[in-house]
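Here's the structure, in structure tokens; my notes come after.
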Amino acid sequence: MTKTILLAVSGSISAYKAADLVSHLSKQGYVIHVLMTQAATDFITPLTMQVLSKNPVHLDVMEEKIAGRINHIDLGKEADLFLLAPASANTLAQLAHGMANNMVTATALALPAELPKLIAPAMNTKMYNNPLTQANLASLKQLGYQEIPPKSALLACGDHGQGALADLDIILKKVEESLSE
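To convert, note that position 143 of the sequence shown is 143 in full-length UniProt numbering; the numbers rise steadily by one, no gaps.
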């Protein structure tokens, strides 16, 4: 049976890596529905994600193209896994505090409790280690989210430390584990 993954992409320089993630997951036979924050579109185009996923990209929580369908509700009902990669500090904070002001956060808020939910943070080291970000991650873990921790690397800003998006093979392995449980 084909599994469906909701890939949520938030505004991080690592958003371009989501294209490679979609490509790999699609080649493995998964159905991928991409959700993007507006900030994510500053780093990678929705068209790229649409071509790779072979599905429309969901950007606007208020855009309902099919009468009788409420995307941010129905997508969660149809999914086998929710993956937020990259997860920006802003999107983590919004999720941890129950905000639903974009397609990613509204969909996440409406997900079934039992649905596996993965988050792969990507941000500056100081932002990742900030007590507020760590508290938001702790809150999300209590709500059933599993973190795929960022790696230490030379970051786009020139700093070196933990904050780079986890390697693709690590994310793919965690997806496989979550879907086989």
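C-beta: ideal position from N, C-alpha, C; glycine also.
Could you give the DSSP three-state label for residue i: helix, strand or coil?
{"i": "Lys141", "result": "helix"}
{"i": "His120", "result": "One point to set straight first is that residue 120 is Ala, not His, in the sequence displayed. If DSSP states are grouped into helix, strand and coil, Ala120 belongs with the strands."}
{"i": "Ile70", "result": "coil"}
{"i": "Gly158", "result": "coil"}
{"i": "Ser152", "result": "strand"}
{"i": "Ala110", "result": "coil"}
{"i": "Glu78", "result": "helix"}
{"i": "Ala100", "result": "coil"}
{"i": "Pro56", "result": "coil"}
{"i": "Leu115", "result": "coil"}
{"i": "Gln38", "result": "coil"}
{"i": "Leu83", "result": "strand"}
Measuring alpha carbon to alpha carbon, tell me which of the options ends up nearest residue i.
{"i": "Leu115", "options": "Gly144, Pro46 and Ala40", "result": "Gly144"}
{"i": "Tyr16", "options": "Ala85, Ala153, Lys77 and Gln142", "result": "Ala85"}
{"i": "Thr91", "options": "Ile73, Ala19 and Ala120", "result": "Ala120"}
{"i": "Ala40", "options": "Lys77, Leu140, Asp159 and Val57", "result": "Val57"}
{"i": "Ala166", "options": "Pro150, Glu176 and Ala87", "result": "Pro150"}
{"i": "Ala8", "options": "Asp74, Ala164, Lys117 and Gly29", "result": "Lys117"}
{"i": "Thr107", "options": "Asn129, Ala89, Asn130 and Leu83", "result": "Leu83"}
{"i": "Ala122", "options": "Ala100, Val31 and Gly161", "result": "Gly161"}
{"i": "Val175", "options": "Leu21, Ile13 and Ser14", "result": "Leu21"}
Just to confirm, are residue i and residue j a CB contact at a threshold of 9 Å?
{"i": "Ser10", "j": "Met49", "result": "no"}
{"i": "Val51", "j": "Met103", "result": "no"}
{"i": "Asn55", "j": "Ile70", "result": "no"}
{"i": "Ala87", "j": "Ser12", "result": "yes"}
Classify residue i as buried or exposed, calling it buried when 16 or more other Cβ atoms lie within 10 Å of its own Cβ.
{"i": "Thr2", "result": "exposed"}
{"i": "Gln94", "result": "buried"}
{"i": "His72", "result": "buried"}
{"i": "Ala89", "result": "buried"}
Could you please give the first and the last residue of the uninterrupted alpha helix (DSSP H) stretch that includes residue i?
{"i": "Lys17", "result": "Lys17 to Lys27"}
{"i": "Ile171", "result": "Leu168 to Ser180"}
{"i": "Tyr30", "result": "Premise fails: Tyr30 is in no alpha helix (DSSP H) and is neither H nor E."}
Locate the beta strand (DSSP E) running through residue i, then write down its first and last residues.
{"i": "Ala8", "result": "Thr4 to Val9"}
For chain B, is any of its Cβ atoms less than 9 Å away from the one on residue i?
{"i": "Gln38", "result": "Although the question refers to chain B, the structure presented lacks it and comprises just one protein chain."}
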